[in-house]
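Numbering (the numbering used here), first residue to last: 1 to 309. We put the CB at the ideal spot given by N, CA and C, even for glycine. Here is the structure we will look at.
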C-alpha cells in the first residue's frame, strides 16, 4: 500500500504520524501516583513487562476532518447592517458596516488554533479577530396581544413562575398585584382572582426548588487585543443586558404613549401609563419626562410638515 500521501477524498495514509504505544510500567506508575501511592518493587524491573507496549488496535488518525472544522459566510450572510460614513484620504465615503458570525457548538475540551480570512474586492479599514461568548439569561415575557381562552392558564403560570423565581425576596402581595394587573390587562376574559392565588400558592410551596428558566441568550463580542478577564467580561455582559432592558422598556412605553387612547384611558399621566403598560409607576416615572418631550417634538415636526402642505 502506498504510504505518506493524501488521496482525493482527504484520507491520510501514514503521513509521518506514529500511533502512540505507552509502556505498561509507565501506566502503572501514573495510576499508582494518581491514587496517592508510589509503585516500588521487582515489578519495575520485570523483563517481560519491559519488552511490552500497549496498543489500542484502533485507527488513530485517518481523516483530515478530525483536525479541521470549517465555516463559511457569503457576502449577504451578515446579522447586523448599518450605514457608515468615514473619511479616507481626505474624502468622505458613504459605506455600510456589516457584522458576520459563525460558531461551532459542543466542542470537546482542548486547544484549538483559529484561522480566518475575508475575500473582498475593495476594503478600507481593518479586520479584527474576536472571541465571542454566549450569555443565557432569564426574562419575564408578557405578550403584547390579548391572551384568549384556552391559553390563559398556561401563560399566566409561566409568567408567575418566572416572576417569583427572579424575585424570591419580594413580598407576596407585590407579586399578586403584578399578576392581577397582567390578568385584567391581557387576559380575555380575565381569570378569577382565586385562580391566580391558587397558582402562586403552589409555586411558593416549593420555593427552594424554584429557579429562573433561561429563555433568552445574547452573543457578546470581545476585542481579543483587550485581554479582558472573566470577571471583566461578566461586568460588561451585565451592563449590556441592563442597557438592552432599558432600551426595550423605553421603546414599549413610547409606543403606548404614541398610540394613547384618551377616550379609553383618560388623561395621560405616570399612573395611567403604568396601568396600561403593566409596569411599576416608579419605572414609568424614570422615563416619562424624556419620552413625553420626545413625543411632543415628533408632534411638532408633524404639524410643521402639515402646515407646509
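Secondary structure of residue 97 (DSSP, three-state): strand. With fewer than 16 neighbouring CB atoms inside 10 Å of its own CB, residue 80 falls in the exposed class. Under the 8 angstroms Cβ criterion, the stretch 90-105 does not count as touching the stretch 172-182, having fewer than three qualifying pairs.
Beta-bridge pairing by DSSP links residue 148 to 188. In the DSSP annotation of this structure, the continuous segment of the alpha helix (DSSP H) that includes residue 270 starts and ends at 270-277.
The count of Cβ pairs closer than 8 angstroms, one atom from the stretch 258-272 and one from the stretch 240-248, stays below three, leaving the stretches out of contact. Distance from the CA of residue 139 to the CA of residue 99, rounded to the nearest whole angstrom, comes to 26 angstroms. Assigned with DSSP and collapsed to three states, residue 73 falls in coil, not helix or strand. Within the model, the alpha-carbon separation for residue 76 versus residue 95 is close to 15 angstroms.
When beta bridges are read from the DSSP output, residue 48 appears opposite no residue. Within the same chain, Cβ atoms closer than 8 angstroms to the Cβ of residue 175 are found at 160, 163, 164, 167, 200, the five residues on either side in sequence being excluded. A distance below 7 angstroms between beta-carbons, with the five flanking residues on each side excluded, links residue 280 to the following residues of its chain, in chain order: 274. Residue state for residue 80 is assigned as strand, using DSSP reduced to three classes. For residue 262, the enclosing alpha helix (DSSP H) covers residues 262-265. As the crow flies, the alpha-carbon of residue 190 is around 15 angstroms from that of residue 142. In the three-state DSSP reduction, residue 227 falls in the coil class, being neither helix nor strand.
Straight-line measurement puts the Cα of residue 242 at about 14 angstroms from the Cα of residue 233. When C-alpha distances from residue 270 are compared across 149, 33, 288, the shortest belongs to 288.
Taking residue 278 as the centre and dropping the five residues before and after it, the same chain places the C-beta of 142, 181, 182, 185 closer than 7 angstroms to its C-beta, in chain order. By the CB criterion at 8 angstroms, residue 148 and residue 196 fall outside the cutoff.
For the set 268, 282, 45, the Cα lying nearest the Cα of residue 296 is the one of 268. Where residue 29 is concerned, the enclosing alpha helix (DSSP H) starts and stops at 24-34. A Cβ-Cβ distance of about 5 angstroms is found for the pair residue 291 and residue 254, placing them in contact under the 8 angstroms criterion. Here residue 33 is exposed: its Cβ has fewer than 16 other Cβ atoms, across all protein chains shown, within 10 Å. Distance between residue 40 and residue 22, taken at the CA atoms: about 19 angstroms. In the DSSP assignment, residue 194 falls within the unbroken alpha helix (DSSP H) covering 193-205. Residue 31 and residue 153 have their C-alpha atoms some 58 angstroms from each other.
Assigned with DSSP and collapsed to three states, residue 208 falls in helix.
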